[in-house]
Amino acid sequence: MNENEISKMIELAMQAKTKAYAPYSNFQVGACVKMENGSYYTGCNIENASYGATNCAERTAVFKAVSEGCRKLSAIAIVGGLKNGECDYTYPCGICRQVIAEFAEQGCVIVVAKNKQKYRMYSVEELLPETFHLNKEE
Numbered sequence: 001m002n003e004n005e006i007s008k009m010i011e012l013a014m015q016a017k018t019k020a021y022a023p024y025s026n027f028q029v030g031a032c033v034k035m036e037n038g039s040y041y042t043g044c045n046i047e048n049a050s051y052g053a054t055n056c057a058e059r060t061a062v063f064k065a066v067s068e069g070c071r072k073l074s075a076i077a078i079v080g081g082l083k084n085g086e087c088d089y090t091y092p093c094g095i096c097r098q099v100i101a102e103f104a105e106q107g108c109v110i111v112v113a114k115n116k117q118k119y120r121m122y123s124v125e126e127l128l129p130e131t132f133h134l135n136k137e138e
């Protein structure tokens, strides 16, 4: 991924963050996924009074892509922070890491960012070593 793609994805994730529904934690998260075909999908966290029904930004973005027929994830950018506050490095939770691993193509990049200038890049294997996979058809 080049700097322009990373910057674009971070910007889209930051825009998605503003749409978060986080009345309980006030912690807003935005994500942007880039699929193998070059399309982008965004998502935000959506909380619920029954915390188990909450959906993370990463899963929202991935599920939107999959529901549109895109199943090979090339990259994901994630931003998060308190409402009206500065973004901090926000890493995907364990469930989101597993969902990312399910759809990640070889070489998938995970970007966690404070802003377009301050970000960190990881592979799926770095954030979720020994990923669980069922034997599945490609």
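Here full-length UniProt numbering is used: the first residue of the sequence shown is 1, the next is one more, and so on. The beta-carbon is built from N, C-alpha and C at its ideal position, and this holds for glycine as well.
Nearest-angstrom beta carbon gap, residue j and residue i [assumed within contact, 8 Å]
i	j	result
Cys87	Ala113	7 Å
Glu36	Glu125	That belief does not hold up - the Cβ atoms of Glu36 and Glu125 are roughly 18 Å apart, past 8 Å.
Met1	Ala101	At roughly 18 Å, the Cβ-Cβ gap does not stay under 8 Å, so Met1 and Ala101 are not in contact.
Lys64	Tyr41	5 Å
Bridge-paired residues (DSSP) for residue i
i	result
Ser123	Val109
Met9	In DSSP, Met9 forms no bridge with anything.
Asn26	In the DSSP output, where bridge partners are listed per residue, Asn26 has none listed.
Ala31	Gly43 and Ile78
Ala104	Leu73
Asn55	Ile46
Tyr89	Paired residue(s): none; Tyr89 is not in a bridge.
Cβ neighbour criterion (16 or more within 10 Å) applied to residue i
i	result
Gly80	buried
Gly38	exposed
Arg120	exposed
Asn45	buried
Leu82	exposed
Gly52	exposed
Ala49	exposed
Top-ranked residue by Cα proximity to residue i, from the options
i	options	result
residue 150	Ile78, Arg120 and Ile110	Given that the chain is displayed from residue 1 to residue 138, the structure contains no residue 150 and the question cannot be resolved.
residue 139	Val33, Gln98, Phe63 and Lys64	Absent from the model: residue 139. The displayed extent of the chain is 1 to 138, so no value can be given.
Val62	Glu47, Ser50, Ala53 and Gly43	Gly43
Glu47	Ala22, Arg59 and Phe27	Ala22
Asn4	Tyr122, Glu130 and Lys116	Lys116
Val109	Val33, Gln28 and Ser25	Val33
residue 139	Ser7, Lys8 and Asn26	This structure cannot settle anything about residue 139, because the visible part of the chain is limited to 1 through 138.
Val29	Ile6, Pro129 and Asn55	Asn55
Cys96	Gly107, Arg59 and Tyr122	Arg59
Ala9	Ala31, Ala20 and Ala57	Looking at the sequence itself, residue 9 is Met, so the reference to Ala does not match. The option with the nearest alpha carbon to Met9 is Ala31.
Tyr89	Val111, Gly107 and Thr131	Val111
**Request:** Give a yes or no on contact between the segment 66 to 74 and the segment 16 to 29, applying the rule of three or more CB pairs nearer than 8 Å.
**Result:** no
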